[in-house]
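Numbering (our numbering), first residue to last: 62 to 471. Positions of the beta carbon are idealized from the N, C-alpha and C atoms, including for glycine.
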Amino acid sequence: MIFRLLLRGGALGAKFLLVLAITHYLGYEALGFYGVVVAASLIASKFYSVGFSSEINRLISVGGSSKRVVDKVLLLYLAVGLLLSVLTVLIYSLFQQVEATAALIACVTLVLLTEHLSFEINSFVFSAQKATAGALLFFIKTGLWALLAVGGMMLGWVSGIASVLWLWVIANVLVIVAGYLIVVNVHRGREEGTLATATVWKAGLPFYLGTGLIAVSQYAERFLIIDLEPYASLGKYVYAWSAANTLQALSYAVVAVVGIPVLAKRYQADQQAFTVRELFVNKWVARSLVVSATVAVAIYLFFNVVLDYVGAAVPRPDNGILGVLIFSFALRAIGDIVWGGLIASKNSRVSLASSALCLLISVPVSYVLIKHYSIYGAAWGNVFGIIVQLGVIALLTRATRAKKAVVSWA
């Protein structure tokens, strides 16, 4: 656990150094463009799975998958990802006046495609309970290339955002190859079984739609900001967001990737859907809170004590925005555990309904907040979104169990 924490902490530190370096060497406009690419890649990593991700990961974690099905799923990911990446870049170019070369457009397309494939294969490794190998791959895809980009900017070898993105693509390709070899080794000796690819898709489709809707509701704020504000404002928001997101990312890497497979095995053993208490009050949520509190203190000390002490000429994020986002990501870290519990117990109805309601309620509210309060409103919109999501999950879970109890009694 400590080694994984160090790797994840190092990767997050590297990504934040990258944000600092882009701000210092390339400016806030470049950081704003980078922030849009990051948001698009994160949404892509949710939507490009076309319904297979949650169920194939659950099957890998309980030993019910086969190499044949995994290979078919990965080939589908490749085909769909390539098509959607091209469409995404073309559609975005039509609605935004972005000056970009053909090489930069191709690079962004490859970022979207390879980020999804590397994310999925990395999750396969974690689901196979190869936590250390998964953490190493995650460090490569999130931290190592960022360090190389920072070093390149300091030495003058990286002079534009395109070079930064190409390093990202190369790191993703390395993770795809190495991760696939690990997954192949995990399945060596397993019986192929009769599990059909269509069965995996049907079981995972509601979670796919739910995860995609959540991603849209969370990252829509960036596209709302650039619709109402200049790229420089988005850059300042991304700067604070990147610092605060460390909290959720560390909690996920240290707690969620271990806890969710355990929840899946627990459900596999007794086949009982989790109650609201079991979803929200468990040791994994408690551990997540401990990690969140520790990281929140570290973030505050870094920006308000350490940087002042060493006299570093580093931009400070607005403490008001940073504090709101830290609170939001602490809640989102809990949300990762809760959402994982829904997947583990195959509670597809609650997951899909809660995500749809979250999107319908939170995005209009975020738009109004951003329109009236700029990036401060975006931060509070981020908080509002996760509160709506967790609240709806709790209400629907309780209502579902009450309905089952009435039917059982009748």
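Per-residue burial, residue i [other beta carbons within 10 Å of its own, 16 or more giving buried]
| i | result |
| --- | --- |
| ALA163 | exposed |
| GLY195 | buried |
| TYR434 | exposed |
| ALA354 | exposed |
| ASP288 | exposed |
| VAL467 | Residue placement at VAL467 is poorly supported in this model, since its pLDDT is 47, which falls under 50; the coordinates still yield a value, given next. The residue is exposed, with fewer than 16 neighbouring Cβ atoms inside 10 Å. |
| ASN183 | buried |
| ARG129 | exposed |
| ALA330 | exposed |
| PHE64 | exposed |
| MET9 | In the structure as shown, the chain begins at 62 and stops at 471. Residue 9 is therefore absent and cannot be evaluated. |
| SER220 | exposed |
| LYS432 | exposed |
| ALA293 | exposed |
| ALA347 | exposed |
| ALA471 | At ALA471, the pLDDT of 44 sits below 50, so the modelled position is not reliable; the number obtained from the coordinates is stated separately. Per the 10 Å Cβ criterion, exposed. |
| PRO425 | exposed |
| ALA75 | buried |
| VAL230 | buried |
| ARG393 | buried |
| ALA391 | buried |
| ARG249 | exposed |
| VAL245 | exposed |
| VAL247 | buried |
| GLN332 | exposed |
Same chain, Cβ closer than 7 Å to residue i, five either side skipped, listed in chain order
| i | result |
| --- | --- |
| ALA232 | ILE201, LYS202, LEU205, TRP206 |
| LEU143 | LEU174 |
| PHE388 | VAL444 |
| VAL234 | THR175 |
| ALA101 | THR149, LEU173 |
| GLY70 | LEU311 |
N-terminal and C-terminal residue of the alpha helix (DSSP H) that residue i is part of
| i | result |
| --- | --- |
| TYR298 | 292-312 |
| TYR361 | 344-362 |
| PHE185 | 163-188 |
| GLY240 | 222-248 |
| ILE382 | 380-405 |
| THR203 | Careful: THR203 lies outside any alpha helix (DSSP H) and carries neither H nor E. |
| TYR328 | 318-331 |
| LEU340 | 337-341 |
| VAL80 | 63-82 |
Integer Cβ distance of residue i from residue j, believed to fall under 8 Å
| i | j | result |
| --- | --- | --- |
| VAL411 | LEU403 | 6 Å |
| ALA414 | VAL319 | That belief does not hold up - the Cβ atoms of ALA414 and VAL319 are roughly 28 Å apart, past 8 Å. |
| LEU386 | ASN443 | 6 Å |
| ILE286 | ALA405 | Incorrect: roughly 35 Å between the Cβ atoms, too far for contact. |
| TYR437 | PRO378 | So it is not a contact: roughly 12 Å between Cβ atoms. |
| SER416 | LEU242 | Their Cβ separation, rounded to whole angstroms, is 34 Å, which puts SER416 and LEU242 out of contact at 8 Å. |
| VAL98 | VAL172 | 6 Å |
| ALA440 | ILE382 | 5 Å |
| TYR89 | GLY296 | 3 Å |
| VAL316 | TRP345 | 6 Å |
Proximal residues to residue i (C-beta, below 6 Å), its chain only, five neighbours per side dropped
| i | result |
| --- | --- |
| ILE104 | ALA276, TYR280 |
| LEU228 | TRP206, LEU209, ALA210 |
| PHE46 | Not covered by the structure: residue 46. The range shown for the chain is 62 to 471. |
| SER469 | Bear in mind that the predicted position of SER469 carries a pLDDT of just 47, short of 50, making it unreliable; the figure below should be weighed with that in mind. So no residue of the chain qualifies. |
| LEU67 | none |
Sequence-distant residues of the same chain with beta carbon closer than 8 Å to residue i, five excluded per side
| i | result |
| --- | --- |
| PHE77 | SER303, ALA304, THR307 |
| LEU136 | none |
| GLU290 | ILE431, SER435, ILE436 |
Selected residue, minimal CA-CA separation from residue i, among the options
| i | options | result |
| --- | --- | --- |
| LEU421 | ILE447, PRO267, VAL351, VAL399 | ILE447 |
| HIS85 | ARG65, PHE64, ILE222 | ILE222 |
| TYR269 | ALA75, ILE83, ASN118 | ASN118 |
| GLY240 | THR170, LEU145, ALA334, PHE180 | PHE180 |
| PHE185 | ILE121, LEU155, ASP132 | ILE121 |
| THR336 | THR170, VAL245, VAL351, ASN408 | ASN408 |
| ALA314 | LEU87, LYS326, TYR138, GLN190 | GLN190 |
| ILE237 | PHE199, VAL316, VAL247 | PHE199 |
| GLY452 | LEU350, PHE341, SER427 | PHE341 |
| LEU81 | GLY96, GLU339, SER154 | GLY96 |
| GLY124 | GLU282, ARG69, LYS326, GLY74 | LYS326 |
| LEU178 | ILE152, VAL150, ILE166, LEU145 | LEU145 |
| GLY213 | ALA167, ILE83, ALA359 | ILE83 |
| LEU456 | PRO267, ARG338, SER278 | ARG338 |
| TYR428 | ARG459, THR272, ILE360, ARG283 | ARG283 |
| SER106 | THR272, GLN332, PHE94 | THR272 |
| ILE398 | LEU350, VAL358, VAL169 | LEU350 |
beta-carbon residue i near the ligand GDP non-hydrogen atom, thresh 7 Å
| i | result |
| --- | --- |
| TYR328 | The model depicted lacks the ligand GDP and carries no ligand whatsoever. |
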